[in-house]
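Those letters in the sequence shown? Residues 1 to 549, per UniProt numbering, in order. Ideal Cβ placement from N, Cα and C applies to all residues, glycine included. A quick note: this is a predicted structure, and the numbers were derived from the prediction, not measured. Each remark here refers to the structure printed beneath this line.
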Amino acid sequence: MSNDEIHHRMVALNIVALLISSKGLGRNSYLGNLLFNSDQKMPENYTEHVQMKICWPAFLPGDPFITQMLDVRAQVTLLLPKISPPKRFIYQCSHDCPWVFYFEDCGDPNDHRLCPMCHKDIGAIQDGVLIERDPPQLKIPINDGFQFITRYIEDYNGKVCFGYHDRTPAEQSNVGDKPDHLQHSISYRFIHMFIHATLLFLDELDYLSEIDLPKPEHFREHFEKDYALLAEQVNDDEHCYLWLFKLFNHLLDEQFIQEGLLDNHENVVQFETCLEKQLLFTHMNSIAEEIRQYSVAYIDFVRQCDEKFSMQRYIDELEENEQRFPLLRYFNVTNIHTVDPMNEFSSKIRMLPYGNKTYPMTTFLLQKMDNYANIRYLYPIVAFTCHLTQKFDYRIKRNDALIKTISEYLNQGSDSEITTELYNKFVDAWYKITLKDVQYGCHRLKLEHNISQDEFAQNTKLAMVLLNTTKDESGILLTACLNIIGELQNEIVRFFHETVIGNSGNSRRQRAIPIQSIRAEHLLNLTANDISLKLITDGFAINYEYDMG
């Protein structure tokens, strides 16, 4: 059995031991109700108990309409700044079918498919024209659509839903999963793991043999995936189990003994929010220290039973003996050279309770740092295209530009050295862009580098960099790329004014620079490497005290 398998077993056994201990309370509690009935006894039929007596915590709504609604709401919220106000709508299949959807790209109806629930045609018969049918599709303003989604979810949650009905494969679990009433995804993941450890225990004792599962390993796979996602969020694969042990110990405190039964949705929400605010939020900021404290307590416990010397305890700085090793305290151990500063920093920001409110700008930038790193490439691209425009003064015919390569023009004129230098910087920037696709109007194009950088430099046609009106796609890719990179910076500016300063675009005069006039100093130049370097040079403080490295 591997170390990970041992840790999984120990975590599950700790959870079960905690639940069994609740029987000693002499009264019903939310935790105890996971194993015991309202008489505080083992149910005669655990399948009936699981499926008919408990509203299980940590389960996202199983309604496919809600799953779609949550996805539509999230995606439309992200796309909202890119959709012009006249096109800000979401769509509903019909009054009879609450399936909602949206159109990608520019927001206009632009595709045609079948509703997966009622199998009626939905979408557009042609660009901008909805399919006419009976009952008709509904075109709903985005704000009204969001209100409809909220009401639908509230009505669903108001219904009592007993039993375990989750047939979603474990591999579909994601770090960001959570219901609306929880603030942090790690809270949901912790409770989800807790529940599946309980069900795994009952299943291995053959108490749940009558439950229909997609596969025999369903509970185990979910439990192990939850543990892996928790370790990823905690950013400590090696010692995550120790932090969990510490949390389980805290659950013995009186404040977590909530009297009652998990027989309605309100109690489930109360149970989950209590664990989040009083347990997880309290201990998120001290994970490393909690792990160290638990390790030291464990060593003290073991030493009472086994006095055998172990050098490893001293190497790990869990034990100290000044008489035997008087100089050991001067050889501090630190992991500063083995961690990824950016990953560590991002993890800590994500783990902060209400971190998006405390550090809104930092959280916002870190969420899409890979995309925002492309902003710095805008200037060399614009500089070269503007230089060509000035150099040829629109004298090149589009037909010539379609067949002649840029390299053919590099040595023309007295400024050939400048042209070549700008072109080399353009090519270098173009190949460093990490965006996978770009959009211009309703045109979405793939941004792929299928040939080497040298081949691109030699063979690219001039039409690719001419930013003038054209009916073909020769110049659309570059135009779309400039548009989306410029919009990335605008996105940051909008967020800063709306969230940090507190004024919207309607209440302030926005300073705008034409894209042809930008300079390098106008653009955000920030990458993950820049942040890592800043953290290493200015942001790290090492505690050289013994056992604090």
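Tell me the rounded alpha-carbon separation between residue i and residue j.
i: residue 406; j: residue 530; result: 33 Å
i: residue 228; j: residue 279; result: 20 Å
i: residue 477; j: residue 143; result: 33 Å
i: residue 416; j: residue 389; result: 14 Å
i: residue 549; j: residue 289; result: Note on residue 549: pLDDT 46, under 50, position unreliable in the model; the coordinate value appears next. Taking the straight line joining both Cα atoms gives about 11 Å.
i: residue 19; j: residue 251; result: 10 Å
i: residue 2; j: residue 114; result: 48 Å
i: residue 204; j: residue 297; result: 31 Å
i: residue 235; j: residue 345; result: 10 Å
i: residue 256; j: residue 63; result: 30 Å
i: residue 31; j: residue 260; result: 9 Å
i: residue 164; j: residue 56; result: 7 Å
i: residue 447; j: residue 155; result: 43 Å
i: residue 248; j: residue 16; result: 10 Å
i: residue 28; j: residue 211; result: 25 Å
i: residue 86; j: residue 181; result: 32 Å
i: residue 270; j: residue 276; result: 10 Å
So what's residue i in DSSP terms, helix, strand or just coil?
i: residue 162; result: coil
i: residue 268; result: helix
i: residue 519; result: coil
i: residue 347; result: helix
i: residue 59; result: coil
i: residue 340; result: coil
i: residue 175; result: coil
i: residue 295; result: helix
i: residue 134; result: coil
i: residue 71; result: helix
i: residue 257; result: coil
i: residue 360; result: helix
i: residue 86; result: helix
i: residue 103; result: coil
i: residue 29; result: strand
i: residue 233; result: helix
i: residue 550; result: In the structure as shown, the chain starts at 1 and stops at 549, and residue 550 therefore has no counterpart that could be examined.
i: residue 549; result: Bear in mind that the predicted position of residue 549 carries a pLDDT of just 46, short of 50, making it too unreliable to give a figure here.
i: residue 354; result: coil
Could you check if residue i belongs to the surroundings of the ligand MN, using beta carbon to heavy atom distance under 7 Å?
i: residue 29; result: This structure lacks the ligand MN, and indeed carries no ligand of any kind.
Based on the DSSP secondary-structure assignment, which residues constitute the bridge partners of residue i?
i: residue 445; result: 438
i: residue 126; result: 129
i: residue 114; result: 121
i: residue 377; result: Residue 377 pairs with nothing; no bridge assigned.
i: residue 141; result: 89
i: residue 405; result: 461
Here's the rule: buried if 16 or more other CB atoms are within 10 angstroms of the residue's CB, otherwise exposed. What is residue i?
i: residue 198; result: buried
i: residue 350; result: buried
i: residue 361; result: exposed
i: residue 465; result: buried
i: residue 54; result: buried
i: residue 550; result: Shown here, the chain extends from 1 to 549; a query on residue 550 therefore has no answer.
i: residue 216; result: exposed
i: residue 226; result: buried
i: residue 224; result: buried
i: residue 412; result: exposed
i: residue 516; result: exposed
i: residue 175; result: exposed
i: residue 500; result: exposed
i: residue 354; result: exposed
i: residue 136; result: exposed
i: residue 374; result: buried
i: residue 166; result: buried
i: residue 551; result: The first residue shown for the chain is 1 and the last is 549, placing residue 551 beyond what the model contains.
i: residue 128; result: exposed
Apart from the five residues just before and just after residue i, which ones in its own chain have a Cβ nearer than 7 Å to its Cβ?
i: residue 453; result: 427 and 431
i: residue 241; result: 7, 10 and 11
i: residue 522; result: 513
i: residue 124; result: 109, 110, 111, 112, 130 and 131
i: residue 98; result: 65, 92 and 152
i: residue 460; result: 405 and 406
Sorted by chain position, which residues of the same chain lie with C-beta nearer than 6 Å to residue i's C-beta, five sequence neighbours on each side aside?
i: residue 160; result: 264
i: residue 13; result: none
i: residue 178; result: 185 and 188
i: residue 219; result: 196, 199, 200 and 203
Kindly list the residues whose CB is nearer than 8 Å to the CB of residue i, restricted to its own chain and excluding five residues on each side of it in sequence; keep chain order.
i: residue 88; result: 80, 107, 141 and 142
i: residue 377; result: 429, 430, 432, 433 and 485
i: residue 95; result: 135 and 138
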